[in-house]
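Everything below concerns the one structure shown next.
Number of protein chains: 2
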Amino acid sequence: MTAAQTTTLGPESDLPAVFELAQQLRVDSVRASTAVGSGHPTSSLSAADLMAVLMTRHLHYDWTAPDNPAGDHLVFSKGHASPLLYAMFKAAGAVTDDELMTTYRRFGHRLQGHPTPVLPWVDLATGSLGQGIAYGVGIALAGRDLEKEPYRVWVLCGDSEMAEGSVWEALDKAGQHRLANFTVLVDVNRLGQSGPTELEWDTAAYARRVEAFGCRALVIDGHDVAAIDQALTTAADGLAPTVIVARTVKGRGVAEVADKEGWHGKALPADLAERAVAELGGIRHLRVRGPRPPDAAPAPASPAEPVELPRFDVGDAVATRVAFGRALAAVGARPNVVALDAEVGNSTHAEDFAKAHPERYFQTYIAEQQMIADAVGMAVRGYRPYATTFAAFLTRAHDFIRMAAVSQVTMALCGTHCGVEIGADGPSQMGLEDLAMMRAVHGSTVLYPSDATSAAALTATMADLDGISYLRTTRGAYPVLYGGDETFPVGGSKTLRHGGQDRVTLIGAGVTLHACLAAAERLADDGVEARVIDLYSVKPVDADALARAARETGALVVVEDHHPEGGIGEAVLSSLAATGDRPAFAHLAVTVLPGSGTTDELLDAAGLSADHVARAARALLRP
Amino acid sequence: MTAAQTTTLGPESDLPAVFELAQQLRVDSVRASTAVGSGHPTSSLSAADLMAVLMTRHLHYDWTAPDNPAGDHLVFSKGHASPLLYAMFKAAGAVTDDELMTTYRRFGHRLQGHPTPVLPWVDLATGSLGQGIAYGVGIALAGRDLEKEPYRVWVLCGDSEMAEGSVWEALDKAGQHRLANFTVLVDVNRLGQSGPTELEWDTAAYARRVEAFGCRALVIDGHDVAAIDQALTTAADGLAPTVIVARTVKGRGVAEVADKEGWHGKALPADLAERAVAELGGIRHLRVRGPRPPDAAPAPASPAEPVELPRFDVGDAVATRVAFGRALAAVGARPNVVALDAEVGNSTHAEDFAKAHPERYFQTYIAEQQMIADAVGMAVRGYRPYATTFAAFLTRAHDFIRMAAVSQVTMALCGTHCGVEIGADGPSQMGLEDLAMMRAVHGSTVLYPSDATSAAALTATMADLDGISYLRTTRGAYPVLYGGDETFPVGGSKTLRHGGQDRVTLIGAGVTLHACLAAAERLADDGVEARVIDLYSVKPVDADALARAARETGALVVVEDHHPEGGIGEAVLSSLAATGDRPAFAHLAVTVLPGSGTTDELLDAAGLSADHVARAARALLRP
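Protein sequences, first through last, are from chains A and B. The working numbering numbers the first residue of the first sequence as 1 and each following residue consecutively. The working numbering numbers the first residue of the second sequence as 1001 and each following residue consecutively.
Here is the structure:
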């Protein structure tokens, strides 16, 4: 292709030229998906006009400098329309036609079936529908309230995904915060995966909902480039968060598939693709140089201020959630740390951060999915989020956490009120599945301190970990075990009691470590020496200490305030399997359905009290 | 207490008398929580007038016959207001004053901190906020569309929980289905756990949202018993799903705490409680006999029609998701089986059921939380729901699944498109955490068939299991392994290859079983005999077969298309730990972050191909 063949479009290009770009995006969407034999061309065709106008005239973005902090953000919530996104990349000169045609959806290449941040122009992974708007809110909040950058956030989403509650959690927050730097384009193409959507083309219904949630709604014909241009101009007027409800046709521009059922997620067969390209006016190689953001260098790294962690006196009774709150406030000395709450900050003690650093504290109310989405959005902008709620209620955001791992985001989560230990509130409030959930997150770190000193230290450590880290804390107050100078490396453990005559090892974390210590006393009274290990690092686990304990004592008892599956017991077994150690083994975990009661009653009923631990240890020793 | 002291209220009682009942509910809420020293009295006081009017004049319910299928349903979404609910039970004569005062929130008793179905008047557990409306929609759907019973569903919810997206998923469905038998009472008391709610007393904003989602909104003063009575009358007019937005005062009736921050979730100290009871007019013992539902016996059990499962020819390539769909349609011969879809029925093959039994098929669109809530609501009414989506997207409903286990509900879930096996769509669509999630659910059964015959058989088996069962299915087509007469008991396994010279056992399920079979062939070519086990029952697992394999072959290789944590490998290790067997062990699972590619490329990159299995087996055998 010679320079003469390439026309470059920009903000000053007329709308007929922009329509030509839209046709090019359609053609390339068809070509790329047909070339590989899978993908979502029809879902791409419906939004091509929206994206052509956006990238030519409104998206302030330098494709050669995606890290420019002043650049706009585009989130493809309808990630399955990746052919359209990648066709935009081609039009921007970011990828070649060859890369698009030969690598899309292929192994080892970056143009995956759904966009992920392996691409420099993609902030975060999408493909689980109903998440993009939520992430966009987080990025927009960071831009306006933390970075004070001029960028706008644009989110393209489908109409099917508007059925997800997470969309309304997000729009509620966009409205509440009056995020005038935030615009959603809803591609109302009427057809979902398996048939018509619930609201089909009832754009007025979408608009009523959007406005009821505090955002501005603009209803347009999503194929009228002038109307699109006008709506995008209005959206950028700085007055309100805006949702453009665009009536579109799925498969627009290709008569054989337009507005027809049965074409979701299907590449066009080669012959149909050929006719489609012809109908769309053939292959083009238009280039786009849209509006540029102001030149801005990334903000210089703020000086690392010293973090003065709280100190606790050994023997004092302090809840790990209390230590977490105080440590979190201290970690706030690092200016990139932000904290997010789901209206339980007085229980989780995250409110300590709010008092110390109110400008970096975000109250999401009881909306855990949005809390995680805000965290992800802020992490995309380089912040270090700590998001906290009850461990039980983090399950509400499981899919967001899963996707954050695909996005390879770094964030810290804290779940409080774990286990039956919480007492009278009963099982709805007890986190009994959180270790299984968080261990199975790709690349996660899982920490579970037993005392205030380690809780504070690990809270600080999380600010230096990559990926998703999780801290599990306990409601009640238990004795401080460690002096303030003790260190708690990730992947480590603490052996609190040991000797040359150890015949069994008791392994706990959180409240169960205290049961293990008490059980060891009782066993000692009977002349049985027990080693006790504080397994504060659940993932990665201290394989060396476990292997040593297995070899030296021959018998392990693991005690956890969690269901038996996926927690500490299985982490220990996996570690021992890997090192080839085969000790006698007992596993105490919560197998009953708990009710209300005192902490001691519930721990005993679940078989986790010191008595049970001692009994399990004795049973292992029996010849 | 003598008969003379007891006044019984009913539908004909005047409103001043009903107000006396409201005061009694307040007094008892204060007394019960102060007696135990915990609980949520102020959140109970705000809703006392609403509940007094409801139970006296509108709730058609026979407290002595909670199983009457014509009786109304009351869901306390704000489950923390359990003192109010239990005070209602006392007023109804269902529990005694003594039980309320001496057992609330105490160990081994049924009046737990948050209500659960251990109480005969409670349908399902609440306490994770934002769920009650969703469950109510499911019950209302069952009543109107399945049972054709005249009951109404009433849901009391708090204002804080209106920030949960799940609330709007639910109201969207109430509106879509025009559920005129469904009424929500929102107790807008302005104060959440840690401060004012996002919308405080902006009842107009709530009303706009409710109406935008297709429900009727009635805004009232929630302490005006006449207004409440009028609104509840209107709600029952059979015209529309209705949300009563009631402006209330938290702590209403007790001046020292009314509308004051800092009193959420706190029992009143004894002296304050004494003053509160006096201010509220002292202790009363009013009884309520509200409107009765028509006498109706539970519907006779429908005759068990024979289920004719599809049959497959050994060797044919059939996807387990295809077999699931066909079997589900067949299981529909049982008239209490219902199926729920989240707009992916053409991928999961749940749509086969829609074609066979359209009247028992519910399309929830892309709203997985509501799909599970519908299932729970229908299960409460005695139906056997099968809810299906991609395994990855079941994580969206994790908190609902968790709570369903607390409710001890019976339902079947199916997650399709598990693992990297799905290919080009990439990681957002891959279920890689679902086994960990589902194994950790209390009382769950987890099944993972490798071929069409077992998939069909297990689909049918789920209709007879108690609790929450989960079937994991695979996207691609693999050879049928079993003839149609083979049986697949829960907790069993199939040994597909074995002999007296087995030196290693290869354990797989789903796609990895086929890799194990291929690896065994390669090993045999090298003179190494391998046993191969199809571990279709992941929870419970076949401990005997595993122990036997460990003893007889001495070496186990577990291969799973799932993250290493919480899945099949750890299930096997837990089983072996319990039986005391200690074979050499290798675990192949997905530790990489996958991208797009073909199935074979992705399985190989994740280390799950036959080559990797054979290599791992050889490594175990090395001296």
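C-beta: ideal position from N, C-alpha, C; glycine also. Bear in mind the structure is a predicted one, so any value in this text is a computation, not a measurement.
For residue 501/A, the number of other beta carbons within 10 angstroms of its own is below 16, and it is reported as exposed. Taking the CA atoms as reference points, residue 33/A sits about 47 angstroms from residue 430/A. Rounded to whole angstroms, the gap between the alpha carbons of residue 578/A and residue 1619/B is 13 angstroms. Taking 7 angstroms as the cut-off between beta carbons, none of the residues of the region 1462-1491 of chain B comes near chain A. Annotation: residue 1506/B has no Cβ neighbours in chain A at a cutoff of 8 angstroms; minimum Cβ distance is about 16 angstroms. Within the region 48-110 of chain A, complete alpha helix (DSSP H) segments of at least 4 residues are found at 48-53, 82-91, 97-103, given in chain order. With respect to chain A, the C-beta atom of residue 1601/B has a partner C-beta closer than 9 angstroms.
As far as DSSP is concerned, residue 128/A takes part in no beta bridge. Those residues of the region 401-419 of chain A placed with their C-beta closer than 9 angstroms to a C-beta in chain B are 401, 402, 403, 405, 406, 408, ordered along the chain.
Using a Cβ-Cβ cut-off of 9 angstroms, residue 1421/B does not count as an interface residue toward chain A, since no Cβ of chain A sits closer than that to its own.
Per DSSP, residue 1558/B is not a residue of any alpha helix (DSSP H); the beta strand (DSSP E) it occupies stretches across 1555-1559. By the Cβ test, the region 1522-1534 of chain B is not in contact with the region 1561-1579 of chain B, since fewer than three Cβ pairs between them sit closer than 8 angstroms.
Taking C-beta atoms under 8 angstroms as the contact rule, residue 160/A and residue 1079/B fail to qualify, at a distance of about 32 angstroms. The alpha helix (DSSP H) runs lying completely inside the region 239-269 of chain A and spanning 4 residues or more number zero. Of all residues in the region 100-113 of chain A, only 104, 105, 106, 107, 108, 109, 110, 111, 112, 113 place a beta-carbon less than 9 angstroms from a beta-carbon of chain B. In chain order, 1478 place their CB closer than 6 angstroms to the CB of residue 1514/B, counting only its own chain and leaving out the 5 sequence neighbours on each side. The continuous beta strand (DSSP E) containing residue 217/A extends over residues 216-221. With a 10 Å radius around the Cβ and a threshold of 16 neighbouring Cβ atoms, residue 446/A comes out buried.
Residues of chain A with a Cβ closer than 7 angstroms to the Cβ of residue 1045/B do not exist, since the nearest Cβ in that chain sits about 19 angstroms away.
Secondary structure within the region 1386-1474 of chain B: the alpha helix (DSSP H) runs of 4 or more consecutive residues, fully enclosed, are 1391-1394, 1398-1406, 1434-1439, 1452-1461 (chain order).
Taking a contact to require three or more Cβ pairs closer than 8 angstroms, the region 181-200 of chain A and the region 1391-1405 of chain B do not qualify as touching.
Secondary structure note for residue 1121/B: it is in no beta strand (DSSP E), with a DSSP letter that is neither H nor E.
Annotation for residue 1027/B: no beta strand (DSSP E) segment contains it, though the alpha helix (DSSP H) segment containing it runs 1015-1036. As computed with DSSP, residue 1533/B is found in a beta bridge with 1495/B, 1507/B. DSSP places residue 587/A in the uninterrupted beta strand (DSSP E) bounded by 584-588. The contact set of residue 321/A on chain B, defined by CB atoms closer than 7 angstroms, is empty, because the minimum CB distance reaches about 14 angstroms. For residue 1305/B, not one C-beta of chain A is nearer than 9 angstroms to its own C-beta.
Listed by position along chain B, the residues whose Cβ is nearer than 7 angstroms to that of residue 533/A form an empty set, because the closest Cβ is around 17 angstroms away. The beta carbon of residue 1127/B is closer than 7 angstroms to those of 1079, 1080, 1114 in its chain, skipping five residues each way along the sequence.
For residue 1013/B, the nearest beta carbon of chain A is not closer than 9 angstroms to its own beta carbon. The criterion of a C-beta distance shorter than 9 angstroms is satisfied by residue 1057/B and residue 1229/B. Inclusion of residue 335/A and residue 60/A in the CB contact set at 9 angstroms is not warranted, their separation being larger than that value.
Contact annotation for residue 1564/B against chain A: 574 [CB-CB distance below 8 angstroms, chain order].
Flagged as an interface residue toward chain B: residue 365/A, by a C-beta distance shorter than 9 angstroms. When Cβ-Cβ separations below 9 angstroms define contact, residue 548/A makes no contact with chain B. Around the beta carbon of residue 587/A, 16 or more other beta carbons sit within 10 angstroms, so the residue counts as buried.
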